[in-house]
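Following my numbering, the numbering of the sequence shown begins with -13 at its first residue and continues without gaps. See structure below.
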Amino acid sequence: MGYLKNHWWKRWIRRRGCKLAGGPASVGKRTTLVLEEQVELGHLRIVPPRLEIGAYSYVRSGTDLSLVASIGRFCSIGSDCFIGQEKHTHPSDWVSSHPFQHTGTALRYEPALSYAEIGHDVWIGHSAMVMEGVKVGTGAIIATRAVVTRDVPPYAIVAGTPAQVIRYRHPPEIIEGLLASRWWELDSAFLTGLPLDRPREFLAALEAREAPRAAYRRMTITRQGCRLD
């Protein structure tokens, strides 16, 4: 995609409530990117066959989105992260791990791929790595430079290499209530009128009133251009 066309589509995306700093040119040739409203993406490498990102989530520049299928709503992803990092880029059980063995020869190296899934309200710190196939639960926090090799439970805080659970953000009954409330599906203007800094009171307030559901528009972005769904 040429510079002028890419710039035009960048402005088109911005006028419709999202940001893609690199424009459609930053999306892989075979990638379909689906965004809900208020998503903000810095200068990224985006190469999954299909990636869906929920409303209000942002990803800072320098991050690599590889083998990842979905990122939920209200996620905060720092710079220089690797999400969906391949585990088996080289054969470890052949004579050599070097690609000369399957480059221009009769041998084929085609490892099975699995895709990471990031829940809602997930915070991933600067330079963290989430391996392919990992499911990160809603509300989880991944510390800076952590390497996540296994699934992360909802509302867990993990750190280290490999990442381990340090603690949980809330007591079990609050975690259960937040997950049951599915608050990320509610209208954001309604949510900001609730005591978001006091989870127990927040849950009580939700039970006391009828909550309007969110209805976010979606846009589909490919190298060829964009459309509203």
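Just so it is clear, CB atoms sit at the ideal spot from N, CA and C, and this is done for glycine as well. Here the structure is a predicted model, which means the values were calculated and not measured.
For E96, the secondary structure class from DSSP, reduced to helix, strand or coil, is coil. In the structure shown, the three-state DSSP call for S56 is strand.
The bridge partners DSSP lists for E23 come to none. Here DSSP, grouped into helix, strand and coil, assigns K121 to strand.
Counting along the chain, the unbroken alpha helix (DSSP H) around F176 starts and ends at S174 to L177. The closest CA to that of L27, considering only A7, P97, K15 and A41, is found on A7. Short of 6 Å from the beta carbon of A126, and not among the five residues preceding or following it, lie these beta carbons of its own chain, in chain order: V108, V138 and A142. Here the alpha carbons of A191 and I160 stand approximately 14 Å from one another. A residue is called buried when at least 16 other Cβ atoms come within 10 angstroms of its Cβ; H74 does not meet this threshold and is exposed. Beyond the five residues adjoining it in sequence on each side, L93 comes within less than 8 Å, by CB distance, of Q87 in the same chain, given in chain order. Residue environment: T91 is assigned as exposed (fewer than 16 neighbouring CB atoms within 10 Å of its CB, all protein chains considered).
By the criterion of a C-beta distance shorter than 6 Å, V25 is surrounded in its chain by C4, I39 and S43, once the five residues flanking it on both sides are discounted. With a cutoff of 8 Å on beta-carbon distance, A55 and E103 are scored as near each other.
Contact between L51 and R31 holds: CB atoms are separated by about 7 Å, below the 8 Å threshold.
T206 places its beta carbon 8 Å or farther from that of V45. Excluding residues up to 5 positions away in sequence, L189 and L192 lie with their Cβ nearer than 7 Å to the Cβ of S167 in the same chain. Below 8 Å, enough C-beta pairs join the stretch 128 to 138 and the stretch 148 to 160 to call them touching: three or more. Taking S100 as the centre and dropping the five residues before and after it, the same chain places the C-beta of L53, E118 and G119 closer than 8 Å to its C-beta, in chain order. Per DSSP, L189 is one residue of the alpha helix (DSSP H) stretching across P185 to A194. In the three-state reduction of the DSSP assignment, K73 falls in the coil class.
In summary, Q210 is exposed, with fewer than 16 beta-carbon neighbours lying within 10 Å of its beta-carbon over all protein chains present.
Rounded to whole angstroms, the separation of the alpha carbons of T17 and H29 is 16 Å.
In the three-state reduction of the DSSP assignment, R(-3) falls in the helix class.
Burial is judged here by how many other beta carbons sit within 10 angstroms of a residue's own beta carbon; W(-2) has at least 16 and is buried. A166 carries a helical assignment under DSSP once its states are collapsed to helix, strand and coil.
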